[in-house]
Structure formats: structure tokens, C-alpha cells
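In this note's numbering, the protein residues as written are -10 to 73. Note that CB positions come from ideal geometry on N, CA and C, so glycine has one too. These notes concern the structure reproduced below.
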């Protein structure tokens, strides 16, 4: 049981890091919109365009790693199997 929980904790940690990296690796807070400046072709004036874009922040990464650490810590609640 201990080994299974530790493997699950490792997989949770690696998955949370991989998802954070794949979805943008934002080193700030989570953002749900992105502002991009576009240029009007006639007047050549720049104007902001807000687009929906999910980029998880460090709190999402931290939550995933904390859950992973909690599962790893839970593995210490079980006794190791006796060696014969």
C-alpha cells in the first residue's frame, strides 16, 4: 500500500508539472484572458483585443504539488510489510 501511494504521488506531481508546462507555464497568477494589440489597417492605430485564453499560474502548480505531497505523506500512515 505504501509503495502504491508513493507511485501515485509521483505520478500526480509529474502530471501537474507537465500540465502546467503544456498550458503556458505562467509564473504569475492564473489568467483566463490575453490582451493582444492589433493595428487598424485604415487608420494604423493600435487597439487592444481581448481573447479568452487559459494559462494556469503558480497557484495551480502549487496545488497539484501539495496534493502530491499529501498523498506521499499519507503513505507513511501505513505500516511497511514485514520482511520474511
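Distance between beta carbons of residue -5 and residue 57, contact taken as under 8 angstroms: Going by Cβ atoms, the distance from residue 57 to residue -5 rounds to 10 angstroms, so no, they are not a contact pair.
For residue 44 and residue -9, the rounded distance between their alpha carbons: Linking residue -9 to residue 44 through their CA atoms gives a straight-line distance of about 34 angstroms.
Collapsed DSSP secondary structure at residue 4 in the structure displayed: helix
Nearest residue (CA-CA) to residue 46, options 40, 13 and -1: 13
Spatial distance of residue 61 from residue 25 (CA atoms): 42 angstroms
Alpha-carbon to alpha-carbon, residue 38 and residue 0: 38 angstroms
With 16 other Cβ atoms within 10 Å as the buried cut-off, status of residue 18: exposed
Sequence-distant residues of its chain with Cβ nearer than 6 angstroms to residue 42 (five each side left out): Scanning its chain for C-beta atoms nearer than 6 angstroms, with the 5 sequence neighbours on each side dropped, one finds around residue 42 the residues 23, in chain order.
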